[in-house]
Amino acid sequence: MSEKISSNKRKYIRFEPDDLGFAFLDLSVNGDFEPELGALVYEEGFGGCGLLMVKSKCRLSLNQVLRIKIDSMPIMNAEVRWVKDVDDLTLRAGISYIHN
6 MSEKISSNKR KYIRFEPDDL GFAFLDLSVN GDFEPELGAL VYEEGFGGCG
56 LLMVKSKCRL SLNQVLRIKI DSMPIMNAEV RWVKDVDDLT LRAGISYIHN
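Under this note's numbering, the first residue of the sequence shown carries the number 6, and numbering increases by one thereafter.
This is the structure we're talking about:
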């Protein structure tokens with residue numbers, strides 16, 4: 006009898022939020038928190054989250070450091086780990102929290 010072992014590279018377990026949360030993104034890490042972008046949170050975990058965004062508004066790039074505020078959570082520094090097109094209008098982004 007052989008077991009299949011999953012090769013999940015994630016450090017933390019991800020889960021779907023109870024309700025879709027909303028994230029505010031500040032593309033600067035300096036000064037007061039001034040959100041420039043908004044996104045739906047479709048996946049959450051201790052180490053990061055998955056966001057769904059309108060493509061025309063997105064100005065995210067790989068490894069970009071920014072600040073994020075999700076619902077009642079505190080403002081955190083974060084890094085963009087990946088960005089993928091969903092269709093012509095929307096994209097998904099993987100965000101990794103920078104725990105200080």
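The C-beta atom is built at its ideal place from N, Cα and C for all residues, glycine as well.
Could you have a look at residue i and say whether DSSP puts it in helix, strand or coil?
{"i": "Ser33", "result": "coil"}
{"i": "Ser61", "result": "helix"}
{"i": "Met78", "result": "coil"}
{"i": "Ser66", "result": "coil"}
{"i": "Leu56", "result": "strand"}
Considering only the alpha carbon of each residue, which of the options lies closest to residue i?
{"i": "Asn68", "options": "Asn105, Gly36 and Gly99", "result": "Gly99"}
{"i": "Tyr47", "options": "Leu96, Asn105 and His104", "result": "Leu96"}
{"i": "Leu57", "options": "Leu94, Asp24, Arg64 and Ala44", "result": "Ala44"}
{"i": "Gly53", "options": "Asp93, Leu71 and Asp90", "result": "Leu71"}
{"i": "Ile103", "options": "Met81, Glu49, Val91 and Gly55", "result": "Met81"}
Under the rule that 16 or more other beta-carbon atoms within 10 Å means buried, what is residue i, buried or exposed?
{"i": "Val91", "result": "exposed"}
Practice task
Could you tell me whether the segment 74-90 touches the segment 25-41, where touching means 3 or more Cβ pairs closer than 8 Å?
Solution key: yes
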